[in-house]
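**Student:**
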Amino acid sequence: MRALIIFAVFALILSCSSTKKLPESPEESNAQDSTQYEMIVMEPGFEVWFATNSKPDWYHSQDYYESWNRQYTHAWNAKINSFPYGHLLNNPINYEDDIDYGLEINHKLFYYFQYVERVLRIPILRDGPRYVTGF
Numbered sequence: 326m327r328a329l330i331i332f333a334v335f336a337l338i339l340s341c342s343s344t345k346k347l348p349e350s351p352e353e354s355n356a357q358d359s360t361q362y363e364m365i366v367m368e369p370g371f372e373v374w375f376a377t378n379s380k381p382d383w384y385h386s387q388d389y390y391e392s393w394n395r396q397y398t399h400a401w402n403a404k405i406n407s408f409p410y411g412h413l414l415n416n417p418i419n420y421e422d423d424i425d426y427g428l429e430i431n432h433k434l435f436y437y438f439q440y441v442e443r444v445l446r447i448p449i450l451r452d453g454p455r456y457v458t459g460f
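This note's numbering numbers the first residue of the sequence shown as 326 and each following residue consecutively.
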């Protein structure tokens, strides 16, 4: 019993010592400098459709995707308050023209708009891209 008490006191003394601050690694400081974006789609069925119907992200340039995404997001946000699709497009898309979201995000957003128009049959743009995938 005495050995258990001595061990507990010894463990208590060791646990009270101050913690040492570890120097920040260069990898952590680089990660803090860059902003990364993630696109989460809550639409059931989109991820499966996207995996089976989208072309590789390098098929078109980032400028191509950005150009269409600007048009689509402006039209999407304008339709939110309109009848009959306003209740279906209930969330605005905060796509800022001056931010570089990268090729992957622009590609996925572009194909989300294609999914909404072609699978859900909700028109967003009157004159959208003519041929995107082999629908």
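Note that the Cβ used here is the ideal one computed from N, Cα and C, for glycine as well. Nothing here was measured: the structure is a model prediction, and the numbers come from that model.
Residue range of the alpha helix (DSSP H) that Arg443 falls in?
**Tutor:** Its alpha helix (DSSP H) spans residues Gly427 to Arg443.
**Student:** Check whether the stretch 363-383 touches the stretch 392-404, taking contact to mean three or more Cβ pairs, one atom from each stretch, closer than 8 Å.
**Tutor:** Too few Cβ pairs lie closer than 8 Å, so no.
**Student:** Within the chosen definition, does the stretch 427-434 reach the stretch 402-417 through at least 3 CB pairs nearer than 8 Å?
**Tutor:** Not touching, per the Cβ criterion.
**Student:** I'd like to know whether the C-beta atoms of Leu450 and Ala400 end up nearer to each other than 7 Å.
**Tutor:** Yes, these two residues count as a Cβ contact at 7 Å.
**Student:** Using the C-alpha atoms, what's the distance from Leu445 back to Asp461?
**Tutor:** Residue 461 cannot be examined here, being either before or after the span of the chain that is shown, 326 to 460.
**Student:** Go through its chain and collect everything with a Cβ distance to Ser354's Cβ below 8 Å, but skip five positions before and after it.
**Tutor:** Per-residue confidence for Ser354 stands at a pLDDT of 49, beneath the threshold of 50, marking its modelled position as unreliable; the derived number appears in the next sentence. Around Ser354: no qualifying Cβ.
**Student:** For a quick check, are the C-beta atoms of Tyr384 and Phe435 less than 7 Å apart?
**Tutor:** In this structure, Phe435 does not lie closer than 7 Å to Tyr384 by Cβ.
**Student:** Decide if Phe408 is buried, meaning its Cβ has at least 16 other Cβ atoms within 10 Å, or exposed.
**Tutor:** Exposed: under 16 other Cβ atoms inside 10 Å.
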